[in-house]
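K.L.:
Got a structure here, written out as structure tokens. Questions coming.
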Amino acid sequence: MALSLAITFGFEYSTANAAPDRGGDTTLDESISGSDPFSPYGRQYALLSEELARYRALAEGDQWKPLSKGQPITPGSRSPRVAQLRSLLMLYGDYRPNDFAETNQKSSLEANVYDKSLQQAVHRFQRRHGLKADGLVDERTRARLNTNPAKLVRILNANLQRWKQLPKDLGPRYIIVNIPEFSLRLIDGDREQFRMKVVVGKPKHKTPQIATRMTRLEFNPVWRVPPSIALHELLPKGSSALSAKGYRLVNHRGRAVPFTRGNVAGVRRGKVTLQQKGGPGNALGRVKFVIPNREAIFLHDTNSKHLFKKSQRAFSHGCIRLEKPLKFARMMLAQQNSWNRPRIDRALMSSRTHGVTLKKPLPVYIAYWTAWVDEHGQLQFRPDIYHRDSSDAGTNRG
21 MALSLAITFG FEYSTANAAP DRGGDTTLDE SISGSDPFSP YGRQYALLSE ELARYRALAE
81 GDQWKPLSKG QPITPGSRSP RVAQLRSLLM LYGDYRPNDF AETNQKSSLE ANVYDKSLQQ
141 AVHRFQRRHG LKADGLVDER TRARLNTNPA KLVRILNANL QRWKQLPKDL GPRYIIVNIP
201 EFSLRLIDGD REQFRMKVVV GKPKHKTPQI ATRMTRLEFN PVWRVPPSIA LHELLPKGSS
261 ALSAKGYRLV NHRGRAVPFT RGNVAGVRRG KVTLQQKGGP GNALGRVKFV IPNREAIFLH
321 DTNSKHLFKK SQRAFSHGCI RLEKPLKFAR MMLAQQNSWN RPRIDRALMS SRTHGVTLKK
381 PLPVYIAYWT AWVDEHGQLQ FRPDIYHRDS SDAGTNRG
């Protein structure tokens, strides 16, 4: 039975005591200003605190020893390093007591064999760290195994601090994006209704943490290209290449203007914008989800579907690309009878841009968690793609 995200991540809310309408976006830091610093932050905070105590004890003890360098360890291989691997996974909790009981009946030589029970433990560890669960202990897996417990303590501290920064009242229905996990969840009626992969911003174009609301959808959206992208990435390709892909320059009156040197200079001055017409070839895909915020971040479809096959998905300029945008759009409009599936399909088949305002704006939380406890009670870690753990941990030494 799947547990809801409200249980999994410890979110608590009361529809009878809803937070006031903020009329727009807010940073996560602003969302808790004036709140009681000693109030509880939900079940997830408690679970992470328990893990913090466990890893602190591990850091202060003398049992932890890193896995020594060597060739990749593969299932069936025999080496003293296998015993090191087994010990590490037992400390982390991936090598279970019953697995250990099996191995304990074997000789010390057999304990150096990478057997089935150890392979299962490696799979558990790899899944918990967002790695491909192939059982191969290569340099990437070894690096995660050898993360010093003291560093893991700092990572857990950083994530505890981030939980304090979320509003206590998330609402009865909301969307949450976890940047390092590259995932989006829709929570409805205290249950996880939907989950999909996402692509987030590159390290040099970080997706920010935001608490806002989804207010509008656009089918066949026009892409109004940010000046930095227009000037440095698109305009150098030339007017012919851009025109072939549906791009045009538009002045402040909304009129199309030619690709002259003066008009290109107008892009730099903010007098002219580069726009791409809506349709199948548009960089935003077939649908855009508007979430008002100062950073001009939104959710959208993409033509680069192949990126969802990658485990690490930080490729955008900051906006969030969705794996299943059309299904998501239908879910967003399910409570608006005038926008049924046939009407959505007709809007998609046309070349016009169709905007739909949501009758009930939906809370959206874009968060940054590199560690959390999942619905199975497993501590999950993900790479700190924006290198924020060290700075965030410094604000929560408790």
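Using this note's numbering, the first residue of the sequence shown is number 21, and each one after it goes up by one. Beta carbons are placed, not taken as given, at the ideal position from N, Cα and C, and that holds for glycine.
(1) In whole angstroms, what is the alpha-carbon distance linking T322 and T94?
(2) Using a Cβ-Cβ cutoff of less than 7 Å, which residues in the same chain neighbour A349 once the five nearest sequence positions on both sides are dropped?
(3) Would you mind working out which of T377, V287, H225 and G191 sits nearest R333, comparing C-alpha positions?
(4) Starting from D404, follow the alpha helix (DSSP H) in both directions and report where the run begins and ends.
(5) Per DSSP, G221 is paired with what?
(6) Where does K297 fall in DSSP's three states?
(7) Just how far apart, CA to CA, sit T311 and Q104?
(8) Would you mind stating whether I340 and P228 have Cβ atoms separated by less than 8 Å?
(9) Is F58 buried or exposed, if buried means 16 or more other CB atoms sit within 10 Å of its CB?
(10) Give me the Cβ distance between F239 and H374, rounded to the nearest whole Å; I'm assuming they're in contact under 8 Å.
(11) Determine, using beta carbons only, whether L331 and K152 come nearer to each other than 8 Å.
(12) Could you check whether R98 and N132 sit closer than 8 Å to each other, using their CB atoms as the reference points?
(13) At the level of alpha carbons, what is the spacing between A276 and A250?
(14) Starting from Y267, follow its DSSP beta bridges and name the residues at the other end.
(15) Am I right that V245 and Q181 are in contact with their C-beta atoms under 8 Å? What's the rounded C-beta distance?
(16) Where does E238 fall in DSSP's three states?
(17) Strictly by DSSP, which residues pair up with E71?
(18) Could you give the residue range of the alpha helix (DSSP H) that holds Y112?
(19) Candidates P278, T235, R174 and P169: which alpha carbon is nearest L378's?
(20) Using 8 Å as the threshold, is the C-beta distance between T390 and N313 below it?
(21) Y220 and S336: beta carbons closer than 8 Å?
(22) If you count every other CB in all the chains shown that lies within 10 Å of the CB of A285, and 16 or more means buried, which is it?
(23) Here's a check: name, in chain order, each residue in its chain whose Cβ is nearer than 6 Å to the Cβ of A413, leaving out the five neighbours to either side.
(24) Going by DSSP, what residue range makes up the alpha helix (DSSP H) through S411?
(25) Under the three-state reduction of DSSP, which class applies to A349: helix, strand or coil?
(26) Buried or exposed: which applies to T161, given that a residue is buried once 16 or more other Cβ atoms fall within 10 Å of its Cβ?
(27) Kindly indicate which three-state DSSP category H326 falls into: helix, strand or coil?
(28) According to DSSP, Y65 sits in a beta bridge with which residue or residues?
(29) Is it right to say G305 is buried, meaning 16 or more other beta carbons lie within 10 angstroms of its own, or is it exposed?
(30) How big is the Cα-Cα spacing for Q420 and P381?
(31) Where does I249 sit, in a helix, a strand or coil, going by DSSP?
(32) In the DSSP assignment, the beta strand (DSSP E) including V197 goes from what residue to what residue?
(33) Could you check the C-alpha separation between L48 and G191 for me, to the nearest Å?
(34) Please return the same chain residues whose Cβ sits closer than 6 Å to the Cβ of L399, not counting the five positions on each side in sequence.
(35) Between Q213 and the rest of its own chain, which residues show a CB-CB distance below 6 Å, the 5 nearest in sequence each way excluded?
(36) What would DSSP say about W183, mapped onto helix, strand or coil?
P.N.:
Taking the coordinates as given:
(1) 38 Å
(2) L237, V307 and I364
(3) H225
(4) First-last for D404: undefined, no H or E at that position.
(5) S336
(6) coil
(7) Residue identity differs from the one stated: residue 311 is Ile in this sequence, not Thr. The alpha-carbon atoms of I311 and Q104 are separated by roughly 49 Å.
(8) no
(9) With a pLDDT of 32 at F58, under the threshold of 50, the modelled position of this residue cannot be trusted; read the value that follows with caution. The residue in question, F58, is exposed, as its Cβ has fewer than 16 Cβ neighbours within 10 Å.
(10) 4 Å
(11) A small correction: the amino acid at residue 331 is Ser; Leu does not occupy that position in the sequence shown. Cβ atoms of S331 and K152: closer than 8 Å.
(12) yes
(13) 16 Å
(14) Q296
(15) So it is not a contact: roughly 36 Å between Cβ atoms.
(16) strand
(17) Looking at the DSSP assignment, E71 forms no beta bridge with any residue, so it has no partner.
(18) P100 to Y112
(19) T235
(20) no
(21) For clarity, residue 220 is Val in the given sequence; the question names Tyr instead. A contact, by the Cβ cut-off of 8 Å.
(22) exposed
(23) R174, N177 and A178
(24) D409 to A413
(25) helix
(26) buried
(27) helix
(28) Answer is none; Y65 lacks a bridge partner.
(29) buried
(30) For residue 420 there is no data in the structure shown, the boundaries of the chain being 21 and 418.
(31) helix
(32) R193 to N198
(33) The predicted model places L48 with a pLDDT of 44, which falls under 50 and marks its position as unreliable, so this point remains unresolved.
(34) E71 and V393
(35) L206
(36) helix
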